[in-house]
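I have placed the structure first, in the form of structure tokens, so that the comments after it can refer back to it.
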Amino acid sequence: SKQNTAIYLWDLRKGLPQSISIDGITRPFSFLKTFYPSKNNEVKTPNLQLIAGTRAVYDTLYLTGLSSGNNFTIGQADIPLRKEVNITFTPNENILIPNKTSVYRILRSEREFLASRWQNNSVLFSTEKLGNFTLLTDSIPPRITLVKKNKDGFSFKVFDNLSGLKRVKATVNGQYVLMDYDYKRNLIWALKENENQTFD
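As structure tokens, this is what we get:
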């Protein structure tokens, strides 16, 4: 013991501890299962199921996992995976609009949208990254604001509060117009392709 700190070592190869008790206080660990390289690995809890193929992990992984409401954590964000893993999450809370509710990976203050699909009351998705995840409902449609328009071209600012834009399609007088998109500036624009084309 050094400065009222005690350090205890446990070899995880001898088993995954469920909890530790000190001075009558029991603290649970969140170990789910040991995943091994070159093996198919699977773990299932009442809320989470994770399936990893034979090439998913680089080394032995002592997988942890927790879930609460619409939030769940699987492993740690700084643990790399070789291949994506398939995850099924069943939230404790009822999802009112499942077709507009998706999985997002949370890293610091950033949210990363992950393509997912609902099956009964569970959401299924694949990821190459572990860490913190949440379910968010995107019920606000994208917004578009005209920036500039003249006979040579036009531009718009486009915004979406959560999942982002999957595709943008523009037509002028019923004719398809090829658009450029700069997601960092939330800007789409088109310039005329030949002298005969006009946007008036």
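My numbering numbers the first residue of the sequence shown as 8 and each following residue consecutively. Quick reminder that beta carbons are idealized off the backbone N, C-alpha and C, glycines included.
- request: Look at the alpha carbon of ASP18 and the alpha carbon of VAL50, and state the distance between them as a whole number of angstroms.
  value: Straight-line Cα distance between these residues: approximately 21 angstroms.
- prompt: What residue ranges within the segment 134-195 form continuous beta strand (DSSP E) runs of no fewer than 3 residues, ordered along the chain?
  reply: 138-144, 150-157, 160-166, 177-179, 182-184 and 187-189
Own chain, CB closer than 6 angstroms to LYS40, minus 5 neighbours either side, in chain order: VAL50 and LEU70
- prompt: Using 8 angstroms as the Cβ pair cut-off and three pairs as the minimum, do the segment 106-125 and the segment 48-68 touch?
  reply: no
- request: Would you tell me roughly how many angstroms separate the C-alpha atoms of LYS107 and VAL184, rounded to the nearest one?
  value: 29 angstroms
task: Using only alpha-carbon positions, find the residue among ASP66, GLY160, ARG192 and VAL154 that is nearest to THR178.
output: GLY160
- prompt: Under 8 angstroms, do LEU68 and ILE86 count as touching if we go by C-beta distance?
  reply: yes
field: Terminal residues of the beta strand (DSSP E) in which GLN10 lies
entry: Careful: GLN10 lies outside any beta strand (DSSP E) and carries neither H nor E.
- prompt: With DSSP run on the structure shown, which of helix, strand or coil describes LEU19?
  reply: helix
- prompt: Does DSSP classify LYS107 as helix, strand or coil?
  reply: helix
field: Local conformation of SER28 per DSSP, three classes
entry: strand
query: Per DSSP, TYR69 forms a beta bridge with which residues?
result: DSSP, once it has assigned bridges, lists THR41 as partnering TYR69.
- request: Measuring alpha carbon to alpha carbon, tell me which of PRO24, ILE102, TRP125 and LEU88 ends up nearest GLY76.
  value: ILE102
- prompt: The beta strand (DSSP E) spanning ALA122 covers which residue range?
  reply: Segment: none, ALA122 is in no beta strand (DSSP E) and carries neither H nor E.
query: Under the rule that 16 or more other beta-carbon atoms within 10 Å means buried, what is GLY181, buried or exposed?
result: exposed
field: 8 angstroms Cβ cutoff met for GLY60 and LEU137
entry: In this structure, LEU137 does not lie closer than 8 angstroms to GLY60 by Cβ.
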